[in-house]
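Using the working numbering, the first residue of the sequence shown is number 1, and each one after it goes up by one.
In this text, a Cβ means the ideal position worked out from N, Cα and C, and glycines have one as well.
Below: one structure, written as structure tokens.
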Amino acid sequence: MKGFKHLPYYLGQSQIDASEIDATKEIVSSGDLFRYGKEENISAKLERKITNFLGCSHSLVMANATFALQASIVATKPVIGDVVLIPGISFIATANAVLSVGLIPIMIDVDKSGHLCPIMLSNYLKNNPKPRAVIFVHLEGHGGKIQEISNICKENDIVLIEDASQSFGARSGDKFLGTFGELGCFSFQSNKILSSGEGGVLIGNDVNLFDNAKKYTDHGCSRKDNGLPLWNEHSFFGGNAKATNITSAVINAQFEKLVNIQKSLKDKYTEIKNILTGKVHFIERASSDNFVSLWIEDINVAEVFRQHKIPHSNWTHWNLQENPIIKQRLSPYGDGFPWSLKTLQQQICPVSNQICTERISLPILLDDDDFSLLTRKLRSLFC
Ligand SMILES: Cc1ncc(COP(=O)(O)O)c(C=O)c1O
């Protein structure tokens, strides 16, 4: 048996064909790589499409989702050392975004699905000062109890930011993930459902928060109609995470494939589930759109996958409590900033620990050859 072709690029990136190549060529040949300066460009066009699709008011294509998160936090006009609540399970980027803007992430334990737990959040809010914001993380296209979390944040007047980096195009009920909070962040990095290698999009409904966040991604300024920066009394310092039109062209081409990608994932997920039903313990999904992986909780199965080189990822690297950046309060600054601002006790997150020890994701490989190799391997091992 030959090996897998597309690992670790098993989602949008495995679907790149002439449409992304032509779209990129067109932009490069036009010379319009910078997104501002021309009234109509591919970045603005893509933002309109995303806004219409998700049903939100504003969107901004960006260089990555980590900076979208940073900008979202800064948009709330925080005070240095403020606390931001995050779940005990996520990719470290969620915590890094908080730390990078001088705030302190406090982890809240997750529910059985692996997402921020509404009960644990309410308990925290009853017993502690109000945090600057809550970041809800949607894992691999699952929605968790986002509506309940949104209700709690509204009742307590706390800004909700959704880290939907892994979940573009998935819904909870009839609403897209990323649209429940004031601001939502998506990633188009190489292993996401749509990919331009690196890339992201920030969305929002609250015009003030969105404008603040947008300015922070563009040196703290807004722009005139001719695309030139406008520094005035409403400016502040900021960074730079603007997308180029090349990124937007690739995402635009990938966006046209979303429905087919989602359908293919669903069919393939169903086939794999049929092979493994009754043989392994898997977790049911909360959202029925982006079937990017099958979640399995079985240490023996993880060992079989490891021995037989079946692609899978352990959740241990998502256990934020165990990440040295959090555990040892690591910082690039000489004085340990921003950890050094406060001696806050982290919450203990036993459910996060347990899930990250036991759970693995079996990716649903989009490439047909890779997928048939995967199903052959699974059948030979489990049927
Ligand atoms: C949950 C989560 N948050 C944030 C990010 C960061 O996204 P980006 O690589 O676009 O900065 C990722 C990317 O893997 C992620 O999985």
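Return the residue from the list the options that minimises the CA-CA distance to residue i.
i, options, result
"Val137", "Lys130, Pro131 and Lys145", "Lys145"
"Leu69", "Asp218, Asp22 and Asp163", "Asp163"
"Lys266", "Phe236, His234 and Ser287", "Ser287"
"Lys327", "Trp339, Gly334 and Tyr333", "Trp339"
"Tyr216", "Ser196, Gly81 and Phe237", "Phe237"
"Glu233", "Gly220, Pro363, Lys242 and Ala241", "Gly220"
"Ile73", "Lys112, Cys383, Leu374 and Glu182", "Glu182"
"Lys25", "Ser248, Leu320, Asp367 and Cys356", "Ser248"
"Glu155", "Lys130, Ser172, Lys175 and Phe168", "Lys130"
"Ile158", "Ser264, Ser293 and Pro78", "Pro78"
"Gly88", "Ile80, Val110, Val101 and Gly81", "Val110"
"Asp289", "Gly37, Leu46, Gly169 and Phe4", "Gly169"
"Ala44", "Asp225, His142, His312 and Leu344", "Asp225"
"Ile348", "Ile106, His6, Leu46 and Lys5", "Ile106"
"Gln166", "Ser172, His142 and His308", "His142"
"Val250", "His6, Gln15, Ala23 and Phe4", "Ala23"
"Arg285", "Asn314, Ile21, Ser172 and Ile80", "Ser172"
Are there any heavy atoms of ligand 1 lying less than 7 Å away from the beta-carbon of residue i, as far as the coordinates show?
i, result
"Glu431", "For residue 431 there is no data in the structure shown, the boundaries of the chain being 1 and 383."
"Phe168", "no"
"Thr66", "yes"
"Thr94", "yes"
"Gln254", "no"
"Ser90", "yes"
"Ser187", "yes"
"Ser113", "no"
"Ser293", "no"
"Val351", "no"
"Val110", "no"
"Val201", "no"
"Ser165", "yes"
"Val137", "yes"
Going along the chain, which residues of its own chain have a beta-carbon closer than 8 Å to the beta-carbon of residue i, five neighbours each way excluded?
i, result
"Leu121", "Leu85, Ile108, Val134, Ile149 and Ile152"
"Lys49", "Asn252 and Phe255"
"Ile325", "Ile92, Ala95, Asn96 and Leu99"
"Val28", "Ile246"
"Leu33", "Ile27, Thr244, Asn245 and Ile246"
"Leu294", "Tyr269, Ile272, Lys273, Leu276, Phe282, Ser361, Leu362 and Ile364"
"Asn191", "Pro8, Tyr9, Tyr10, Leu11 and Gln13"
"Asn205", "Cys56, Ser57, His58, Thr179 and Glu182"
Indicate the three-state DSSP secondary structure (helix, strand or coil) for residue i in the structure shown.
i, result
"Phe236", "coil"
"Phe382", "helix"
"Lys175", "strand"
"Val134", "strand"
"Pro324", "helix"
"Asn127", "helix"
"Pro363", "strand"
"Asn64", "coil"
"Val280", "coil"
"Ser59", "strand"
"Leu160", "strand"
"Ser264", "helix"
"Ser187", "strand"
"Leu79", "Reading off the sequence shown, one finds Val at residue 79, where the question assumed Leu. Val79: coil per DSSP, three-state reduction."
"Leu85", "strand"
Kindly list the residues whose CB is nearer than 6 Å to the CB of residue i, restricted to its own chain and excluding five residues on each side of it in sequence; keep chain order.
i, result
"Ala75", "Leu209, Asn212 and Ala213"
"His115", "Gly144"
"Trp386", "This structure leaves residue 386 out entirely; the chain is present only between 1 and 383."
"Thr179", "Leu54 and Cys56"
"Gln189", "Glu198"
"Ile161", "Ser72, Ala133, Ile135, Gly181 and Leu183"
"Leu125", "Asn156"
"Ile355", "Gly114"
"Leu60", "Leu202 and Lys214"
"Arg376", "none"
Give every residue of the same chain whose Cβ lies closer than 7 Å to the Cβ of residue i, excluding the five residues on either side of it in the sequence, and list them in chain order.
i, result
"Lys268", "Ile364 and Phe371"
"Ala241", "Met62, Ala63, Asn64, Phe67 and Thr217"
"Glu358", "Glu297 and Ile299"
"Phe382", "Ile275, Leu276 and Lys279"
"Pro229", "His219, Cys221 and Arg223"
Looking at residue i and ligand 2, is the gap between the Cβ and the nearest heavy atom below 7 Å?
i, result
"Leu202", "Inclusion of ligand 2 in the displayed structure is not the case, the ligand content consisting of ligand 1 alone."
Completely contained beta strand (DSSP E) runs for the segment 87-122, where each covers 3 or more residues: Correct list: 104-108.
What alpha helix (DSSP H) runs, 4 residues minimum, are completely inside the segment 195-254? Listed in chain order, they are 207-216.
For a minimum of 3 consecutive residues, which ranges assigned as the beta strand (DSSP E) are wholly contained in the segment 277-317? As far as the segment 277-317 is concerned, its whole beta strand (DSSP E) runs of at least 3 residues are 293-297.
Residue ranges of each beta strand (DSSP E) within the segment 2-67, 3 or longer: Within the segment 2-67, the complete beta strand (DSSP E) runs of at least 3 residues are 58-62.
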